[in-house]
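Colleague: Please read through the structure below; I'll follow up with questions.
Protein chains in written order, with the numbering used here: chain A, 1 to 223; chain B, 1 to 736.
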């Protein structure tokens, strides 16, 4: 399978994502520059963590205007798998591919630590190798990861089984403990935790692997 | 030039005379400004230089020692690391957030200007007591500044230390360390070689910020210092991230022959140092320098310390390749001049010469002073006060809790959780470990690193205190399983023009030289920060060491006890202590509110044997946990090892003889606590290294119990100890 990691100016977990895909999963991985208009023949996209454009405005608010976003939108509309991690999640939300918003953490501070998560649905390409209710230990590293949306949107996300991950000990004030969500087509997922930083025993946890393995399994099944 | 102008540039009359004789004429105003920054203490090391020569700087692994942007060590398999520490004390006092942020930014540039990709940052920070609101504000600002810069740039902040002392009240210390990795055949130097080659300016535009920052860092603080806020630069970590990627990419083109960051003294320092190192001259015209303000004078442009800028020299004719990379990253890159054969820094403004100075005069012929030094002044009485018996169980328990909630010993989680310590997915051991460990993914090697300082020990005896600090730093690295191989130093002292302060500096450097020689950790670079005084009050002599070690990449041994029922072995033994050598301990500070006597006694040969033993124990995989004993002594080390995720404490038995308070809280070196399921193997390795090793107890679920001679001194639920330790810093910060 061929993955693409989209690099915006200021992305800084691009290397982590690339390492996870190419070195740990052994899949092809291509770096895609933010002004690319052609995604090539990738099977899945990852928007990595970081501080795109310094995040001096709202996180992701400038990145959504990058030329590559048009191609990403089309890729997603055509059913391609798109995973937005941390800043990638913020960009997908700003770009309208996912609902809601990500605002300053409740404690107003950046937080970096391992947090316990629960898998809320296994019914999507990003968690199909997990089981519902499975507990994962994956790190977070963000200052603006508090997920908010209006009640109607939150109810809709729950009703349509689009909440993929929840915090078991809410670190940032996210409404309904939401850590990860899907779009209506279930082919785009955004999450604040960093599964790419929990994929080898040396990283202290391998629980993040399930996300990438699920994506590979989904792509293989679709072939 | 009037005497007032000369004095305002912090130049003495004799220094001014030297300038006139080097130039053969009076300097212009711009030239005077250029000399004043290059000959400032910060840039020229004029007070410390003759003593720094005493430090060992070589070993088989040292590829680059002091004098470049950072030191370089060979780590094998074709790879090398560059690392260095630097202070940003003065700016952090004036403007804590930006001061600390740009401190991190500056040291990162020192690393990637050599071609290395930064993979770790650590910070040693020191403040006045948190009872004073201003110190709380400074700490919060410094921590957010470090977090802001490192997190956005994308380098993990993996460790450091945070200490409180009255003497840092008007003069906080912010020392930032950075380490990067690269192929050893892809090292870049700050040399302007190749006559006719273009000199190219890249990165941020030049503004009026930071003018005279280097001179500010070379003066004491007075009431007027607070007015110097415009001297502090403003950092932009996003721009620096782009600069990093662009520089590393441009270096791959092969068109760059030399590169240097613009740090202290900005364009001035980079131009004359690059020329001086290569034995060439550099000619630039300021009209081409990108500027973000209008009407800047040549003086201001040359002295600006605007951040995130680099100067590079490219192969003539290949400028376009370099420009293409920088433009891809959206950065300014313009040719501002060229390399000349005449060894002169020639600065023009729209073709008109505004400064013309031999490079060597600026970079290498700065005055060197052998400042008078007496004996270090005794900052505390030598004699011990009478110390009441505080070993009754109730008192001991209360004292232990008081120590655990003290600023120096309490958990620093509130600080390091704000730092991204995991980005790059290479951090094997982070802020809670004795030494941080970061793996180099390209090879099978990991780098262990530790930052240590101890102002109290050095206040009691600068020479011995410094040796103890080197020993502890090496012990931390060894306890993680790595072999210490090199060091970087940050010397934070008061006003060197006072002989008793100069004496502290000399004693400390000589102690460092002796210890670094003995522990085989040559100094590959560092920083000297003098004039750390406010209103005539000097800080404790506070040298800080950063030591790096090498190890095979492997699952690190935790400091936390993983399970109950393991044997506890005290490697190195209980050590010895008397009242005189107890005066520098945390117990003396927190419980007795006092400082006296001498620092602990160090036997360097024994210390080194302990390091060797623990490395063998770690590599034989017979330790389930290992933790170095330092601040707070045995009792605090036991607590720290008990505060892990497993909730496992300890039950130990200590011998009668030494006073229990001394035995539990003395800070004698050369000791490590080990939890093991294979005690015989641990004892064997200790014996082979002629190191004492004692079975002192076992690990135990959820409790800490200390018996002495079949009497119970302490028996306590871990939660009762852990709670104050964990919540103390936040409580101190949020007090009203």
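Built from N, CA and C at the ideal position, the CB exists for glycine as well.
Check whether the Cβ atoms of residue 517 of chain B and residue 66 of chain B lie closer than 9 angstroms to each other.
Modeller: The sequence position of residue 517 of chain B within the second chain is 517, counting from 1. The sequence position of residue 66 of chain B within the second chain is 66, counting from 1. No. Outside cutoff.
Colleague: Residue 407 of chain B and residue 162 of chain B: beta carbons closer than 9 angstroms?
Modeller: Walking along the second chain from the start, residue 407 of chain B turns up at place 407. Walking along the second chain from the start, residue 162 of chain B turns up at place 162. A contact, by the Cβ cut-off of 9 angstroms.
Colleague: Using a Cβ cut-off of 7 angstroms, pull out every chain B residue sitting near residue 141 of chain A, in sequence order please.
Modeller: Locating residue 141 of chain A in the first chain gives position 141, where the first residue counts as 1. What residue 141 of chain A touches in chain B: 420, 422 and 423.
Colleague: Find the residues of chain B that neighbour residue 201 of chain A, judging by a C-beta separation of less than 9 angstroms, and give them in chain order.
Modeller: As a first step, residue 201 of chain A must be located in the first chain, where it is residue number 201. Neighbours of residue 201 of chain A on chain B, chain order: 555.
Colleague: In whole angstroms, what is the alpha-carbon distance linking residue 416 of chain B and residue 152 of chain B?
Modeller: As a position in the second chain, residue 416 of chain B is number 416, starting the count at 1. As a position in the second chain, residue 152 of chain B is number 152, starting the count at 1. Taking the straight line joining both Cα atoms gives about 15 angstroms.
Colleague: Using DSSP bridges, identify the partner residues of residue 164 of chain B.
Modeller: Within the second chain, residue 164 of chain B is the residue found at index 164, counting from 1. DSSP lists B:127 as partners of residue 164 of chain B.
Colleague: Please confirm if residue 151 of chain B has its CB atom under 9 angstroms from at least one CB of chain A.
Modeller: In the second chain, counting from the first residue as 1, residue 151 of chain B sits at position 151. At least one chain A Cβ lies under 9 angstroms of residue 151 of chain B.
Colleague: Around the C-beta of residue 528 of chain B, are 16 or more other C-beta atoms found within 10 angstroms, so that it is buried, or is it exposed?
Modeller: Counting from 1 along the second chain, the entry for residue 528 of chain B is found at position 528. The residue is buried, with at least 16 neighbouring Cβ atoms inside 10 Å.
Colleague: From the DSSP output, read off the bridge partner residues of residue 247 of chain B.
Modeller: As a working mapping, residue 247 of chain B is identified with position 247 in the second chain. Note: residue 247 of chain B sits in no beta bridge, so no partner.
Colleague: Which stretch, first to last residue, makes up the beta strand (DSSP E) that contains residue 648 of chain B?
Modeller: Position 648 of the second chain, counted from the first residue, corresponds to residue 648 of chain B. Counting along the chain, the beta strand (DSSP E) containing residue 648 of chain B begins and ends at 648–654.
Colleague: Among the residues of its own chain, which have a CB less than 6 angstroms from the CB of residue 255 of chain A, if the five just before and after it don't count?
Modeller: This structure leaves residue 255 of chain A out entirely; chain A is present only between 1 and 223.
Colleague: Would you list, in sequence order, the uninterrupted alpha helix (DSSP H) runs of no fewer than 4 residues that lie entirely inside the segment 54–130 of chain B?
Modeller: DSSP runs (the alpha helix (DSSP H)) wholly in the segment 54–130 of chain B: 89–94 and 96–112.
Colleague: If you follow the alpha helix (DSSP H) that residue 135 of chain B is part of, which residue opens it and which one closes it?
Modeller: Here residue 135 of chain B refers to the residue found at position 135 of the second chain. Segment 133–153, the alpha helix (DSSP H) holding residue 135 of chain B.
Colleague: Would you verify that the beta carbon of residue 179 of chain B is, or is not, closer than 9 angstroms to some beta carbon of chain A?
Modeller: Here the question's residue 179 of chain B lines up with position 179 in the second chain. No - not a single Cβ of chain A is within 9 angstroms of the one on residue 179 of chain B.
Colleague: Thinking just about the alpha-carbon of each residue, which of B:449, B:377 and B:191 is nearest to the one in residue 124 of chain B?
Modeller: For the purposes of this step, residue 124 of chain B is taken as the residue at position 124 of the second chain. Among B:449, B:377 and B:191, the Cα nearest to that of residue 124 of chain B is on B:449.
Colleague: I want to verify the contact list: residues of chain B whose CB lies under 7 angstroms from the CB of residue 113 of chain A, in sequence order.
Modeller: The residue you call residue 113 of chain A lines up with position 113 of the first chain. Within chain B, 417 have C-beta atoms less than 7 angstroms from the C-beta of residue 113 of chain A, given in sequence order.
Colleague: In three-state DSSP terms, what is residue 329 of chain B?
Modeller: Taking the second chain and counting its residues from 1, the one referred to as residue 329 of chain B is at position 329. Per DSSP, reduced to three states, the secondary structure at residue 329 of chain B is coil, with no helix or strand assignment.
Colleague: So, does the segment 254–269 of chain B touch the segment 309–322 of chain B, judging by three or more C-beta pairs under 8 angstroms?
Modeller: yes
Colleague: Between B:699, B:45 and B:132, which has its C-alpha nearest residue 735 of chain B's C-alpha?
Modeller: Taking the second chain and counting its residues from 1, the one referred to as residue 735 of chain B is at position 735. The shortest C-alpha separation from residue 735 of chain B is found at B:132.
Colleague: Any C-beta of chain B sitting closer than 9 angstroms to the C-beta of residue 23 of chain A?
Modeller: The residue given as residue 23 of chain A occupies position 23 in the first chain. True, the Cβ-Cβ gap to chain B drops below 9 angstroms.
Colleague: Verify the CB distance criterion: does residue 248 of chain B have a CB-CB separation below 9 angstroms to chain A?
Modeller: Position 248 of the second chain holds residue 248 of chain B. No, its Cβ sits nowhere closer than 9 angstroms to a Cβ of chain A.
Colleague: Spell out the partners DSSP gives residue 128 of chain A in its beta bridges.
Modeller: In the first chain, the residue the question calls residue 128 of chain A occupies position 128. Per DSSP, none; premise fails for residue 128 of chain A.
Colleague: Going along chain B, which residues have a C-beta under 9 angstroms from residue 53 of chain A?
Modeller: Stepping through the first chain from its first residue, residue 53 of chain A is reached at position 53. The contact set of residue 53 of chain A on chain B, defined by CB atoms closer than 9 angstroms, consists of 238 in chain order.
Colleague: Indicate the three-state DSSP secondary structure (helix, strand or coil) for residue 210 of chain A in the structure shown.
Modeller: As a position in the first chain, residue 210 of chain A is number 210, starting the count at 1. Reduced to three states, the DSSP call for residue 210 of chain A is helix.
Colleague: Mind the definition here: the segment 132–146 of chain B touches the segment 500–514 of chain B only if three or more C-beta pairs lie below 8 angstroms; say whether that holds.
Modeller: no
Colleague: What separation, rounded to the nearest whole angstrom, lies between the Cα atoms of residue 176 of chain B and residue 129 of chain A?
Modeller: As a position in the second chain, residue 176 of chain B is number 176, starting the count at 1. As a position in the first chain, residue 129 of chain A is number 129, starting the count at 1. Residue 176 of chain B and residue 129 of chain A have their C-alpha atoms roughly 43 angstroms apart.
Colleague: Considering only their Cβ atoms, is the gap separating residue 47 of chain B from residue 496 of chain B smaller than 9 angstroms?
Modeller: As a first step, residue 496 of chain B is located in the second chain; it is residue number 496 there, counting from the start. As a first step, residue 47 of chain B is located in the second chain; it is residue number 47 there, counting from the start. The answer is yes: Cβ separation under 9 angstroms.
Colleague: Decide if residue 53 of chain A is buried, meaning its Cβ has at least 16 other Cβ atoms within 10 Å, or exposed.
Modeller: As a working note, residue 53 of chain A is residue 53 in the first chain. Buried is the call here.
Colleague: Using a Cβ-Cβ cut-off of less than 9 angstroms, give me the residues of the segment 150–184 of chain A that come near chain B, in sequence order.
Modeller: Residues passing the 9 angstroms Cβ filter: none.
Colleague: Could you tell me whether any Cβ in chain B is nearer than 9 angstroms to the Cβ of residue 67 of chain A?
Modeller: Residue 67 of chain A sits at position 67 when you count from the first residue of the first chain. Not one chain B Cβ lies under 9 angstroms of residue 67 of chain A.
Colleague: Establish whether the CB of residue 9 of chain A and some CB of chain B are separated by less than 9 angstroms.
Modeller: The residue labelled residue 9 of chain A in the question sits at position 9 within the first chain. Interface residue, yes.
Colleague: Answer with yes or no whether the minimum CB distance from residue 43 of chain A to chain B is below 9 angstroms.
Modeller: The residue given as residue 43 of chain A occupies position 43 in the first chain. Output row for residue 43 of chain A: interface = no.
Colleague: Could you check whether residue 331 of chain B and residue 460 of chain B sit closer than 9 angstroms to each other, using their CB atoms as the reference points?
Modeller: One-based indexing of the second chain puts residue 460 of chain B at position 460. One-based indexing of the second chain puts residue 331 of chain B at position 331. Not in contact: residue 460 of chain B and residue 331 of chain B (Cβ atoms no closer than 9 angstroms).
Colleague: Output yes if chain B places a C-beta closer than 9 angstroms to the C-beta of residue 110 of chain A; else output no.
Modeller: The count along the first chain starts at 1 and reaches residue 110 of chain A at position 110. Output row for residue 110 of chain A: interface = yes.
Colleague: Label residue 254 of chain B either buried or exposed according to how many other C-beta atoms from any shown protein chain fall within 10 Å of its C-beta, with 16 as the threshold for buried.
Modeller: For the purposes of this step, residue 254 of chain B is taken as the residue at position 254 of the second chain. With fewer than 16 other Cβ atoms within 10 Å, it is exposed.
Colleague: Sort out for me which residues DSSP pairs residue 182 of chain B with in a bridge.
Modeller: For this step, residue 182 of chain B is matched to residue 182 along the second chain. Beta-bridge pairing links residue 182 of chain B to B:80.
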